[in-house]
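Remember, our numbering sits 366 above the position in the sequence shown when you count from 1.
C-beta: ideal position from N, C-alpha, C; glycine also.
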Amino acid sequence: MRFLWMVAALLLVGSATVLAQDRRPDARLSFSSTSVGLVIGFSKGEGSLEFAGKKYPFTISGVNVATVGVTRVSALGQVYRLRDIADFSGRYVMMDGGLTLVQGGGSAVLRNEKGVTLYLQNLQYGLDLSLGGGGIDIALVETPNATPTPTPQAATESAPAALQLQSHSQSQ
């Protein structure tokens, strides 16, 4: 019993050290996903990352083993150790299991191969039993129809020639 108390104390001190290092998050995120599993579980979802004053859409997918159930997850989180947006995409792994009956929630800490760490607060609906670690793959979504805001110079360059001549003659 004494050994268990010592292990618990070490875990508490270790987690406090990690939180002390990561005081201010580099980014924030929110996402929702649906998971379905019978021995092997599959999840799919989408979310939004707010980093450096911009919003980036992303997708989530994952495969878990030793899981049974159907759940809907909505999560909010903080992102730490994100220095470049390219480091956000990747495989995130967590090392715990959980049980959700009808409605539950909790928190999770996930880390990718580039050291980016997610602290998530989630709310789950459904029935799910997962016996082991799992992970998710996050990929930033390319937005092909996103266009940059035109600058005044770019607007002048694209104006019809007659308007450019008119404005040129008025300035002289």
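**Study point:** Close-in-space but distant-in-sequence residues of the same chain around Ile502 (CB under 6 Å, 5 per side omitted)
**Key:** Locating residue 502 in the sequence shown gives position 136, counting from the first residue. Ile426, Gly428, Tyr458, listed in sequence order.
Check your understanding: Can you find at least 3 beta carbon pairs, one from the segment 430-449 and one from the segment 478-492, that sit closer than 8 Å?
Key -> With contact defined as three or more Cβ pairs closer than 8 Å, the segment 430-449 and the segment 478-492 are in contact.
Review point. By the 10 Å Cβ neighbour count, where 16 or more other Cβ atoms means buried, how is Ala528 classified, buried or exposed?
Key: One-based indexing of the sequence shown puts residue 528 at position 162. A caution first: Ala528 carries a pLDDT of 41, below 50, which makes its placement in the model unreliable, though a value can still be read off. When all chains shown are included, Ala528 counts as exposed.
Check your understanding: Can you tell me the Cα-Cα spacing of Ile406 and Thr400, whole angstroms?
Key -> Reading the sequence shown from its first residue, position 40 is the one you call residue 406. Reading the sequence shown from its first residue, position 34 is the one you call residue 400. Ile406 and Thr400 have their C-alpha atoms roughly 14 Å apart.
Review point. Are the beta-carbon atoms belonging to Glu479 and Gly443 less than 8 Å from one another?
Key: Taking the sequence shown and counting its residues from 1, the one referred to as residue 479 is at position 113. Taking the sequence shown and counting its residues from 1, the one referred to as residue 443 is at position 77. Not closer than 8 Å, so no.
Review point. Starting from Arg457 and walking both ways along the beta strand (DSSP E), at which residues does that stretch end?
Key: For the purposes of this step, residue 457 is taken as residue 91 along the sequence shown, with counting starting at 1. Per DSSP, Arg457 is one residue of the beta strand (DSSP E) stretching across 456-460.
Practice item. Determine the closest residue to Gly413 out of Arg394, Arg477, Thr433, with distance taken between C-alpha atoms. Key: Mapped onto the sequence shown, residue 413 falls at position 47. Minimum Cα distance to Gly413 is reached at Arg394.
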